[in-house]
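Peer 1: Just so we're aligned: the sequence shown equals residues 81 to 203 in the numbering used here.
We put the beta carbon where it would ideally sit given N, CA and C, even for glycine.
Here the structure is a predicted model, which means the values were calculated and not measured.
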Amino acid sequence: MTRTDPDTRSDPTPVSDDLLARLAGGGAHVELADGMPALLPAICAELLQWRQTARSRPSALSLALRSEAIAARLDRARRTIRAPEPVSAHDLAEACETLLRHSPHADERTAAADVLAQMKVAA
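(1) For Thr178, I'd like the list of residues in its chain whose CB is within less than 7 Å of its CB, leaving aside the five on either flank, ordered along the chain.
(2) Applying the 10 Å Cβ sphere with the 16-neighbour rule, what's the burial state of Ala151?
(3) Could you compute how far the alpha carbon of Ala197 sits from the alpha carbon of Asp171?
(4) Kindly indicate which three-state DSSP category Ser96 falls into: helix, strand or coil?
(5) Check the C-beta distance from Leu180 over to Ala193 and give it rounded, since I have them as a contact under 8 Å.
(6) Alpha carbon to alpha carbon, how far is Arg189 from Gln132?
(7) Excluding five sequence neighbours on each side, which residues of the same chain lie with their C-beta closer than 6 Å to the C-beta of Ala191?
(8) Cβ atoms of Thr160 and Ala140: under 7 Å apart, would you say?
(9) Are there 16 or more other CB atoms within 10 angstroms of the CB of Ser183, so buried, or fewer, so exposed?
(10) Report buried or exposed for Ala144, applying the criterion of at least 16 other Cβ atoms within 10 angstroms of its Cβ.
(11) DSSP state of His185, grouped into three classes?
(12) What's the gap between the Cα of Asp98 and the Cα of Ala134?
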């Protein structure tokens, strides 16, 4: 998954979140040592863009971060619902509430509402 810039344009950065996480954790330094000179300009450009947006348009940055947080919550909720192992009723209800509140897909919201209604009847 690639991140989009804080202006919410559709041009993705060439550095994935996974790569950034590995670099931040120190686990990718050996395997990426040769590629770092090519990646560093893209990383610095994205960081500068975020900083400039934070200074000049904090509301745009806030919206971008909120959208990213909601997308992450939706992803977690979907993984919970599709987990191969059993999940607790609390976790299932929380995942359904998240989908009901934030999913852009009507069929997903309907399914979440149905599951919550069935859980309420069963309780």
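Peer 2: On the basis of the coordinates in this document:
(1) Counted from its first residue, the sequence shown places residue 178 at position 98. Around Thr178: Arg153, Leu154 and Ala157.
(2) Numbered from 1 along the sequence shown, position 71 holds the residue referred to as residue 151. Answer is exposed; the Cβ neighbour count stays below 16.
(3) For this step, residue 197 is matched to residue 117 along the sequence shown. For this step, residue 171 is matched to residue 91 along the sequence shown. Between Ala197 and Asp171, the C-alpha separation is close to 15 Å.
(4) Counting from one through the sequence shown, the residue named residue 96 turns up at place 16. Ser96 falls in the strand class under three-state DSSP.
(5) The residue labelled residue 180 in the question sits at position 100 within the sequence shown. The residue labelled residue 193 in the question sits at position 113 within the sequence shown. Leu180 to Ala193, Cβ: 6 Å. Contact.
(6) For the purposes of this step, residue 189 is taken as residue 109 along the sequence shown, with counting starting at 1. For the purposes of this step, residue 132 is taken as residue 52 along the sequence shown, with counting starting at 1. Approximately 37 Å between the Cα atoms of the pair.
(7) Position 111 of the sequence shown holds residue 191. Counting only Cβ-Cβ distances below 6 Å, and skipping sequence neighbours, we find nothing.
(8) The residue you call residue 140 lines up with position 60 of the sequence shown. The residue you call residue 160 lines up with position 80 of the sequence shown. No. Outside cutoff.
(9) Within the sequence shown, the letter at position 103 stands for residue 183. Ser183 is buried by the Cβ-count criterion.
(10) Sequence index remark: in the sequence shown, residue 144 carries index 64 (1-based). The residue in question, Ala144, is buried, as its Cβ has 16 or more Cβ neighbours within 10 Å.
(11) Here residue 185 is taken as the residue at index 105 of the sequence shown, counted from 1. DSSP places His185 in coil when its eight states are reduced to three.
(12) For the purposes of this step, residue 98 is identified with residue 18 of the sequence shown, where counting begins at 1. For the purposes of this step, residue 134 is identified with residue 54 of the sequence shown, where counting begins at 1. Each residue's Cα considered, the two are about 23 Å apart.
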